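Here the structure comes first, spelled out in structure tokens, and everything after it is commentary.
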Amino acid sequence: MDPDTRQTRIGEGEVETYASSDMSISEVEDDGQETPRQQSPQAIHQDPQPEERNAELHPAILGHRPHPLINIRPSIGPHQTALPTLNPPHPSSHSTSPHPQLFLQDSDSEENPTFSLDPKSPLHALIEQSALVKETVQVINKVARKRADKVDERCRRGREFAKRPKTTLGLARVRLSVVHAAQAVQMRVWGVEKKEKESTKYFQEQEDKIEKQKRHLETWAKNLEELQVKLFQQLADEKRFVEEDAMRQRLEYEHKIKELEAQLREREPIETEEEREQDFQERLQMQLKAYEAAVNDQFGKKWEKEVQKYLAQKEEEVKRHEEEVERWQETVRKECREEEERICQEYEDGRKKWEEQIQKEYEDLGKQESERIAKELEDRRQRVEEGIRKNYEDLCLQEAEHLWKEYEDLCQQEAERIHQEYEDGRQRDMEHVRKQEAERIREECEGTLKQETERICQEYEDSREKWEANIREEYEDRHEQYAEWKAAIEKCHQEEIEKMRQDTQAGWQDEREGIKKTMDEVQARNRTWTAELESHREEMAQMRQQGEKLKADLEKLRVKKDAEIAAAVQRLPSWGDRSESEDEDPNEDEEDKGNEGDTEDDDDNDNDGNKVFSIRRKELDEMMDAAMERVMGQYSPSKGRRAGVGKAARRKRVSEEVQAEKKADKPYERTSFLGLVGNIMSETFDVELTDDYMLHDLPSTDTITTFYKGGPGPNVQDLRINMRGKISSKWNENVMDILLDKVLERLKGEAYNSLPERSTAYFREIIHEKLERARSTWKSGQPKVKPNGEVESIREVENRVLDARTKKEKAGRAYTRRVNRLKRHLEIVRKKIELLRESGNLEDIEYWEYLEELLLELGEEGMSSDESDGEDNDTAVELVLYVAELPWHPDITNELDIIDGERNDVGIFNKKGAKPTKRLRGVRKIYSRREPPPRRSLAVYDKKWYKNLTPGQRKNLLPGKQTSSSKPFEPIIAEIN
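For the sequence shown, position 546 matches number 1241 in my numbering, and the numbering has no gaps at all.
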């Protein structure tokens, strides 16, 4: 067998032979040519170090027992090294293929092995079917081209036949009819060619899809091969790990044997056999010498017997010791063999069990992926075949047969009719009569044709001149009318500007007079307050004088009291001496009584002084309290201040001024001011979008605390917003002041000279709104506490923010669609009314005015927010939109369809842009959750829906402007009883 045609199938337990040239996978390149797919393992699985991979799979590392799926092939060339190839396991292993569709083809070049597919696999079947479909398409195209060539040939023959000279008028008509028929057939042929091109384009798209699927399948096969290589690599690693584990256990076992031998040696004497023998010989020599000496001493016989007996005992001990050593060594060897056999058996069992498990998992994975891919390929193949068969057969074959049949019938009829007329004329006329008749007919035709041509040209010239004159007159009239309109509009505009300027000046003058009057009142009140303050100061001066007088009286009392206390203190020692000598002088009691009486009088005097002092101090406190109450009463907020000049009133007046400035702004001016403030904030805080404020660095708590205690405020170079506090806090007020200074400084540039002047409060409000929005964005990006008490993670915060943004954007898009739909409908209706007025058709104007009033009554809330329009879609795969019904909305579908139908008028709107989606109403019961708009006419609400409302719900729908009942379509606008 040729080695180039030998292939090894993986995992099936058998070897099958296929031709490598027939089984190679082909890829369709971009230029339409097929190139055989011959990829190397390096292209399929990019391994940066193939030599290391081969080294890992070498038998010297894997051990003496290679894996049943890995076979190490001998080197083919003298300079080539052996590479691992996939080898099927023996049938006795009962292993199945992990993926029976892939084959590794043997090759003489180990660096470039080829891969092929199993002919029984769904992937191979799909590739063959795609090639068959392509050939079928080519054959059908050839047949269609042949039939088209036949049609062209017959058309050409018909034209040549029609070009033959005819002598009668009937033959001329026949010629003209044949030419027209040929042209009609040619047009149909062109239509067929156009449809054929479209079908060819469609088939090309289908082929591209098939190629994409093929490339996807090839990529999947490549990934599967990489997975297989990784699995074998993992298997080799696991096997190496098991062998290393066995080697480690063997080393531990040998170490254990050495330890046992060391323990055995410890039981024996420390000397070795040679040392023991040498020691024995030395002792023997010593004993012999002693024996000789004893013999010499006449004790030789006795010592000789003892020496011999001792030698016999020693020999017996040595033999017994040797037998024990041999017995112990035999026991140790037996235990080692048993342990080694047990370890090898455990290793072998574990390896087989692990290999079986890996093989089973790999087979299951391969089967599942194979079944899934095969099913997907089969479904796609069936869909492609059905699409090709249906579209091409219906579009090309039937149309070509129909046209061919019509053409044959037409040609046959025309040929029969021409032949019959020709035979009749030939039999009826003579040759000279035919010539004269033909000449006469030719002259008449030429004259008639010349006259008709001149008449048509003259009529065309007259019509053109008349049309140009009419257009010129209409243009001049329209130009004059437009000039009058423009002048009237400019005049109205100037009048409005002059009126606005006068109103503004009058308002400013009134405001100046009011401010001046208010200032006069404030100045008068200030003068009154100043006079009252001077009188209070005089009263305070008098109270100070009285206080000084009281202080002087108090000082006198204090001096008098001090003198009395000093006198009392001087009397105390004499009273003590007398009390000590009571027993010696009985008359001392009376003296003591008299002294005691004097002391009581002194105490009474002291109490009287304190009482006077306390009374005057109390009166002084009462006077001071009364004076302070009078002063505070004069300057309290409830008294003495003019109503309407507080903070709330000033804030209200400033807000009204800002609102007036906003109303005076034009759209581009407001946009310019907002953009200016936005640019200043973006540059200051280094942000691009509002969402970037979620990462804003806040000022530290210590910095804010220090600021409120009188420390430094926000840093201009590193400005930060206190997101935790209110925007109206003192810190954030300073931040707004800094931003306001930057905005006012930027306004001094030349780029903003064209913008009108605005107050400081105007820009401060814009900054305040943007800071509020930034604070709301920052708060939304902070973790919140969940219902279970846990704090949100970063991922949960991100998901919450994204969900909120998605909902907000969706609501904004829905609102924009409603606004645009109302704007478009009103534009159509008003344009239609304008056209009707220009044409003088006053009958339909009333109806269109009713539609305009109905749209204005519905408003933006009454429009649909669906992403669709009222036109159908003609795509092959039709996309439809099931419209969500509004329960409160009346059925005005016909009216809105009439408005949408006006868009088809070429004179109103063009048809640029994508086609809208087809809308289906009433097919599915889908109800919108949008609330009904309040304060509308009862005619714009559904009767049944309104009757089912509760009294409280009806109260919220207060009727506003009622639609006139004199308009057409009375049932739509009828009031609900």
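No residue lacks a Cβ here, since even glycine has one placed at the ideal position from N, Cα and C. Keep in mind the model is a prediction, meaning the values are calculated, not measured.
- In this structure, the beta-carbon distance from Leu1581 to Thr1612 does not fall below 8 Å.
- By the neighbour-count definition (other C-beta atoms within 10 Å, threshold 16), Arg1631 is a buried residue.
- Taking a cut-off of 8 Å for Cβ pairs, the segment 1512-1531 and the segment 1539-1549 touch, as three or more such pairs fall below it.
- In the same chain as Thr1396, and ignoring 5 residues on each side of it, no C-beta atom comes closer than 7 Å to its own.
- For Tyr1042, the three-state secondary structure derived from DSSP is helix.
- Of the other Cβ atoms in all chains shown, fewer than 16 fall within 10 Å of the Cβ of Ala1261; this residue is therefore exposed.
- Boundaries cannot be given for Leu1393, as no beta strand (DSSP E) includes it and DSSP labels it neither H nor E.
- Closest in C-alpha terms to His1463, from the list Ser1350, Glu1134 and Leu1442, comes Ser1350.
- When C-alpha distances from Glu1428 are compared across Lys1212, Val1438 and Asn1417, the shortest belongs to Asn1417.
- Secondary structure note for Leu1576: its beta strand (DSSP E) is the uninterrupted segment Val1575 to Tyr1577.
- Boundaries of the beta strand (DSSP E) around Leu1615: Lys1613 to Leu1615.
- In the structure shown, Tyr1636 adopts coil according to DSSP, grouped into three states.
- The beta-carbon separation of Arg1415 and Pro1407, rounded to 13 Å, does not stay under the 8 Å limit for a contact.
- When DSSP reads this structure, Glu1163 sits in no beta bridge, so it has no partner.
- Looking at the DSSP output, Tyr1622 shares a beta bridge with Glu1580.
- Non-local beta-carbon contacts of Phe1458 in its own chain, meaning distances under 8 Å to residues more than five positions away in sequence, involve Phe1368, Val1372, Leu1435, Val1438 and Leu1439 in chain order.
- Put simply, the backbone Cα of Phe1402 is about 8 Å away from that of Trp1426.
- Bridge pairing for Val1430: absent [DSSP].
- Under the three-state reduction of DSSP output, Val1411 falls in the coil class, being neither helix nor strand.
- Contact between Glu1445 and Arg1513 does not hold, since their C-beta atoms are separated by about 42 Å, which reaches or exceeds 8 Å.
- With respect to the 8 Å criterion, Thr1472 and Met1389 are classified as neighbours on the basis of their beta carbons.
- Partner residues in the beta bridge of Val1486, as assigned by DSSP, are Val1480.
- Counting other Cβ atoms within 10 Å of its Cβ, Gly1242 stays below 16 and is therefore classed as exposed.
- Note that the segment 1007-1024 does not touch the segment 895-902; fewer than 3 beta-carbon pairs, one per stretch, sit closer than 8 Å.
- Counted as a single uninterrupted DSSP element, the alpha helix (DSSP H) harbouring Cys1106 occupies residues Gln1093 to Arg1123.
- Here Arg978 is exposed. Its C-beta has fewer than 16 other C-beta atoms within 10 Å.
- The C-alpha of Gln1146 lies about 49 Å from the C-alpha of Ser894.
- Its Cα nearest to that of Leu1006, the residue Gln980 stands out among Val1027, Gln980, Arg1078 and Asn1221.
- With contacts defined as CB atoms closer than 8 Å, Tyr1641 and Ala1579 fail to qualify as a contacting pair.
- Judged by beta-carbon spacing, Ala1499 lies beyond the 8 Å limit of Ser1534, meaning their Cβ atoms are not closer than that value.
- Within its own chain, the residues whose Cβ lies closer than 7 Å to the Cβ of Ile1399, once the five positions on either side in sequence are excluded, are Asn1417 and Trp1426, listed in chain order.
- Contact between Met1558 and Leu1615 fails: their C-beta atoms lie close to 19 Å from each other, not under 8 Å.
- As for any beta strand (DSSP E) of minimum length 3 sitting wholly inside the segment 1530-1556, there is none.
- Linking Glu1081 to Arg1075 through their CA atoms gives a straight-line distance of about 10 Å.
- Approximately 13 Å separates the beta-carbon atoms of Glu1094 and Val838; this is outside 8 Å, ruling out the contact.
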